[in-house]
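Here is the structure we will look at.
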Amino acid sequence: MKKRFLATFVSAVMLATVLAGCGAATQAPAQETAAKEETAETTEVADTQTEEAVPASEDASGDVTIWYYWETAGHQEALDHIIQEFNGQQDKIKVQAKYVPFADFKKQLSVGASAGELPDIVILDNPDHASYAAMGIFADITDRFDVSNYYPGPVNSCTLDGKLYGVPFGSNDLVLFYNEDMLAEAGCEVPKTWDELLDVATKTTKGNVYGFAHCALQNEEGTFNFLPWVWSTGQTSYEINSEGGIKALEFEKSLVDAGAFPKEAINWTQGDTMNQFISGNLAMMINGTWQIPTMRQEVPDLKWNVAPIPQDKQQASGLGGENYAVIAGGNEEAAIAFLQYATSKDTCLYMMDHMGYISSDSTIAKDQFKGDAVYQVFVDEMQYANARGPLPEWPDISDAISLAFNKVITGDSDPASAAAEAQATIDSIIGK
Amino acid sequence: MKRIKDFFRYDNIGLLFILPAFIYMMIFVGYPIISNIILSIQDVSVRNLVKGQKNFIGLANYIEIFHDAVFRKAMGNTLIFTLACLLFQFLIGFLLALFFNKNFTFSKTVRGMTMIPWMMPMTVTALMFKFMFSTDVGIVNYILRSAGFIKENIEWLTTPGTAMISVVAANVWIGIPFNTILISTGLTTIPQELYESASVDGANGWQKLTKITLPLLRPTIESVLVLGFIYTFKVYDLVYVMTEGGPVNSTHLLSTYSYKLSFDMFQYSKGSSVANVLFLILLLVGMLYLRITMQGEED
């Protein structure tokens, strides 16, 4: 009995020591962190005091983070260049940019939105703008930024319910690229109409060379490249089961049936399509402004040129490009201050020229690419370029359209039934 | 005092040992699963992800996806994909295991080298197969044409039926080493004496395989098949890189379709419902696996 008591006593004492030891150990760091927090608080207070000491007109300050998805080294360097310049000019706002791969970009934004962890500015693909604006993560900058000189198409893509939720960064559009040697060899002129395109594409198809292709992925990228056909008939993106919509799908089918359009284009990104073209596997393609710097660098000897997209009833092209958006509840004032700088004439020109983009600001675009005949075709095509959406549910519409032309290209359905099916989906979305 | 002491006897002290693991699992496994289930019975889309009312709508999302043709297609595809992959990778893996069990020169080295597909990053494998199955410049068509099997190039990745064959082929290639190694390990546990005495009794090779190898390998085979099912059923990256679910949704799996709904089309609740269906099926298979292994231990 005594022994047992002793054992319990000893163990109790030991336990107490251990616990006390623990307590002491945990207490010490706790005090330290508390002390650190205090110093942190005081420095923060000091910071806000210095901020307050600055004249009220210059109240924008602090850190600004930007998310973007450009993977081309030239694009990244251009952005980095203007950020460094901005950070060097003043010492109140510090801007930094973070690259998020395009494939992850939408996911990161959605996850960040629900977790409340977003940057202060995002540079995003313009057809997605309305969706995120509808989510409420973008700040309404209607009276805080002047877009009166901008092209209506790009501005429209940043607008939802009459409010401005972003600033067009820069635009691009689509044109027809053609291999001059291949067309000359086949004795063909540059096609201007659909019939001529089919004819030239058929004649230039031989061996490993296909006459014509555009990116036909079953996603936004494919839709972007397909829609000019629909618009050219005078129909809108929401009218696929119409005379024009079916005609556009039938035209696509006739190209495939003639063997002039590779079915594999349904797995080609726009970059893949460009690579096929510069490798000499394609005589013609539809592609965008941003490929030009790469093409000039990679294949300086290839003889190629550009022309407006062949048309049915009217000239049409797709409007692409990115928009800046300011995140609501972020460092809005500082973000807008950076945007004012980034869209000022010299900075904007620097970015656009290095990236092969056309400024969305018409007063700047007018002076761009003077004497460059290739870019001039793109600038001229801008006035015929249509925006996709803007509609928060645009991704669903886009999916229905891309499914329709994929069905036609693979021969899974005929144009009429593919159009009818796409229309049913579109109507159910718009009717909501 | 006695109570405290009793508490720390063998039975209960075990509970304390698993506590850290339990807490870890609750935070990193339990929480996401529960939050995903909640998401799937709400109506969360682009309009109300950040602000606005998130209404509970019960099983409406599930009812909706079961009426969705693409979901039903993805469900069927996932089953076909899994069963086809399991069948081929198991058969080939099993034959390779028997072959490498023969202890010829370099058999161990070569067996080690067959692990390479398993170690290769999935994206690399997917891109490689995408090139190999390319219609005009792919090596698969080149070989078939040179050998005289086909006259016209097969459009592997751009025709709905053949696209599925292509992704299955790629996944079988990845899965073979996994089967080979596990079955090889199983084979080493079978005592050589059994084969020797069978030979003395005049058994031929086929009889040795069916009467000794297969029955004794049963637990291994069951584990390989169930684990293979779980790995294959949730494949995502391979298909995403090779076809993105196309052409015309013909290779969409539950995993790729769930991703597309959530992050391309912003239908978060529908996307999570699809993910939960996937989860539920795997949970059932996982429980089956646990039962098999527990039975094995009791035997």
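Those protein sequences? They're chains A and B, same order as listed.
For the first sequence, our numbering assigns the number 41 to the initial residue and increments by one for each residue that follows.
For the second sequence, our numbering assigns the number 1355 to the initial residue and increments by one for each residue that follows.
Ideal Cβ positions, reconstructed from N, Cα and C, are used throughout, including at glycine.
Helix, strand or coil: how does DSSP classify residue i here?
{"i": "Met1476(B)", "result": "helix"}
{"i": "Ala460(A)", "result": "helix"}
{"i": "Tyr205(A)", "result": "coil"}
{"i": "Glu433(A)", "result": "coil"}
{"i": "Met395(A)", "result": "helix"}
{"i": "Pro69(A)", "result": "Reliability of the predicted coordinates at Pro69(A) is poor, the pLDDT of 38 falling under 50, and no value is obtained from them."}
{"i": "Glu157(A)", "result": "coil"}
{"i": "Trp330(A)", "result": "helix"}
{"i": "Trp344(A)", "result": "strand"}
{"i": "Leu1607(B)", "result": "coil"}
{"i": "Val85(A)", "result": "With a pLDDT of only 38 at Val85(A), under 50, the local geometry of the prediction cannot be trusted, and no value is derived from it."}
{"i": "Thr182(A)", "result": "coil"}
{"i": "Thr105(A)", "result": "strand"}
{"i": "Ala1517(B)", "result": "helix"}
{"i": "Thr1436(B)", "result": "helix"}
{"i": "Ile1646(B)", "result": "helix"}
{"i": "Tyr278(A)", "result": "coil"}
{"i": "Phe1420(B)", "result": "helix"}
{"i": "Phe1460(B)", "result": "coil"}
{"i": "Ala75(A)", "result": "Caution is warranted here: a pLDDT of 39 is assigned to Ala75(A), below 50, making its placement in the model unreliable, and the coordinate value is therefore given only provisionally. Ala75(A) falls in the helix class under three-state DSSP."}
Since I believe residue j is in contact with residue i (beta carbons under 8 angstroms), could you give me their beta-carbon distance rounded to a whole number of angstroms?
{"i": "Gly247(A)", "j": "Ala300(A)", "result": "Not a contact, Cβ separation roughly 13 angstroms."}
{"i": "Ser1674(B)", "j": "Phe1483(B)", "result": "It is not possible to answer for residue 1674(B), since the shown part of chain B is limited to 1355 through 1653."}
{"i": "Trp234(A)", "j": "Ala356(A)", "result": "With 8 angstroms as the limit, Trp234(A) and Ala356(A) do not qualify as a contact, their Cβ atoms being about 12 angstroms apart."}
{"i": "Pro167(A)", "j": "Gly471(A)", "result": "Contact doesn't hold; Cβ gap of about 21 angstroms is too wide."}
{"i": "Ile1544(B)", "j": "Val1578(B)", "result": "Actually they are not in contact, since the Cβ atoms of Ile1544(B) and Val1578(B) sit about 15 angstroms apart, beyond 8 angstroms."}
{"i": "Tyr218(A)", "j": "Met335(A)", "result": "The Cβ separation is near 13 angstroms, so there is no contact."}
Going along the chain, which residues of its own chain have a beta-carbon closer than 8 angstroms to the beta-carbon of residue i, five neighbours each way excluded?
{"i": "Ala368(A)", "result": "Gly176, Ile177, Phe178, Ala179, Asp180"}
{"i": "Pro1471(B)", "result": "Thr1479, Trp1527, Ile1528, Ile1530, Pro1531"}
{"i": "Leu1511(B)", "result": "Lys1484, Phe1487, Ser1488, Thr1489, Ala1517, Ser1520, Met1596, Thr1597, Pro1601"}
{"i": "Ile123(A)", "result": "Ile106, Val135, Gln136, Ala137"}
{"i": "Ser1612(B)", "result": "Gly1625, Ser1626, Val1628, Ala1629, Leu1632"}
{"i": "Leu1636(B)", "result": "Ile1584, Phe1587, Lys1588"}
{"i": "Lys243(A)", "result": "Ala226, Gly227, Cys228, Gly251"}
{"i": "Ser188(A)", "result": "none"}
{"i": "Val414(A)", "result": "Ile332, Asn345, Val346"}
Closer than 9 angstroms, CB to CB, is residue i near chain C or not?
{"i": "Ser154(A)", "result": "In the displayed structure, chain C is absent; the protein chains listed are A and B."}
In chain order, what residues of the same chain have a beta carbon less than 6 angstroms from the beta carbon of residue i, not counting five sequence neighbours either side?
{"i": "Tyr191(A)", "result": "Ser400, Ser402"}
{"i": "Leu1632(B)", "result": "Leu1608"}
{"i": "Val417(A)", "result": "Val215, Val346"}
{"i": "Glu433(A)", "result": "Ile469"}
{"i": "Met1648(B)", "result": "none"}
{"i": "Gln331(A)", "result": "Met314"}
{"i": "Gln1396(B)", "result": "Lys1408, Phe1410, Ser1623"}
{"i": "Ala440(A)", "result": "Ala462, Thr465, Ile466"}
{"i": "Met1469(B)", "result": "Pro1531"}
{"i": "Thr263(A)", "result": "Ser438, Ile441, Ser442"}
{"i": "Ser197(A)", "result": "Asn166, His169, Ala427, Pro430"}
Note down, in chain order, each residue of its chain lying with its Cβ closer than 7 angstroms to the Cβ of residue i, except the 5 sequence neighbours on either side.
{"i": "Asn1603(B)", "result": "Val1424, Lys1427"}
{"i": "Ala425(A)", "result": "Gly193, Asp213, Ser357, Gly358, Leu359"}
{"i": "Leu200(A)", "result": "Ala170, Ala173, Ala174, Pro430"}
{"i": "Arg184(A)", "result": "Ile376"}
{"i": "Ala1524(B)", "result": "Thr1479, Ala1480, Phe1483, Leu1592, Met1596"}
Checklist entry - Can you list, in chain order, the residues of the segment 169 to 194 of chain A whose Cβ is nearer than 7 angstroms to any Cβ on chain B? => result Answer in chain order: Ser171, Ala174, Met175, Gly176, Ile177.
Next on the checklist: Tell me whether the segment 361 to 376 of chain A and the segment 434 to 446 of chain A touch, counting them as touching only if at least three CB pairs, one residue from each stretch, are closer than 8 angstroms.
Outcome noted: no
Next on the checklist: Taking beta-carbon pairs under 9 angstroms, can you tell me which members of the segment 251 to 282 of chain A lie near chain B?
Outcome noted: Leu257, Gln258, Asn259, Glu260
Checklist entry - Taking any Cβ of chain B, which residues in the segment 424 to 446 of chain A have a Cβ under 8 angstroms from it, in chain order? => result Pro432, Glu433, Pro435, Asp436, Asp439, Leu443, Asn446
Item to check | Validate contact between the segment 190 to 205 of chain A and the segment 1423 to 1435 of chain B using beta carbons, cut 8 angstroms, 3 pairs | outcome: no
Checklist entry - Taking a cut of 8 angstroms between CB atoms, which residues from the segment 292 to 315 of chain A lie near chain B? => result Pro302, Lys303, Glu304, Ile306, Asn307
Checklist entry - Of the residues that make up the segment 1601 to 1623 of chain B, which ones have a beta carbon closer than 9 angstroms to any beta carbon in chain A? => result Pro1601, Val1602, Asn1603, Ser1604, Tyr1613, Lys1614, Ser1616, Phe1617, Asp1618, Met1619, Phe1620, Gln1621, Tyr1622
Item to check | Where the segment 137 to 149 of chain A meets chain B: residues whose CB sits under 8 angstroms from a CB there | outcome: Lys146, Lys147
Checklist entry - Which residues, in order along the segment 1478 to 1490 of chain B, keep a beta-carbon less than 9 angstroms from a beta-carbon of chain A? => result Lys1484, Ser1488, Thr1489, Asp1490
Item to check | Validate contact between the segment 1511 to 1531 of chain B and the segment 1444 to 1454 of chain B using beta carbons, cut 8 angstroms, 3 pairs | outcome: Because the criterion of three Cβ pairs below 8 angstroms is met, the segment 1511 to 1531 of chain B and the segment 1444 to 1454 of chain B touch.
Next on the checklist: Does the contact criterion of 3 or more C-beta pairs under 8 angstroms hold for the segment 1384 to 1394 of chain B versus the segment 1364 to 1375 of chain B?
Outcome noted: no
Checklist entry - What residues in the segment 1496 to 1520 of chain B have a beta carbon less than 8 angstroms from any beta carbon of chain A? => result Glu1509, Leu1511, Thr1512, Thr1513, Pro1514
Checklist entry - When the Cβ atoms of the segment 236 to 244 of chain A are set against those of the segment 289 to 300 of chain A, are three or more pairs found closer than 8 angstroms? => result Yes: the two stretches touch, three or more of their Cβ pairs being nearer than 8 angstroms.
Next on the checklist: Counting only Cβ-Cβ distances shorter than 8 angstroms, please list the residues of the segment 232 to 248 of chain A near chain B, keeping chain order.
Outcome noted: Asn248
Checklist entry - Just by C-beta distance, which residues in the segment 1387 to 1409 of chain B are closer than 7 angstroms to chain A? => result Val1400, Arg1401, Leu1403, Val1404, Lys1405
Item to check | Inter-stretch contact at 8 angstroms, needing at least 3 Cβ pairs: the segment 380 to 392 of chain A / the segment 107 to 126 of chain A | outcome: yes
Next on the checklist: Beta carbons nearer than 8 angstroms to chain B: which residues of the segment 193 to 221 of chain A have them?
Outcome noted: none
Next on the checklist: Against chain B, which members of the segment 449 to 461 of chain A pass a CB distance test of less than 9 angstroms?
Outcome noted: Flagged, chain order: Ile449, Thr450, Gly451, Asp452, Ser453.
Next on the checklist: Against chain A, which members of the segment 1414 to 1425 of chain B pass a CB distance test of less than 8 angstroms?
Outcome noted: none
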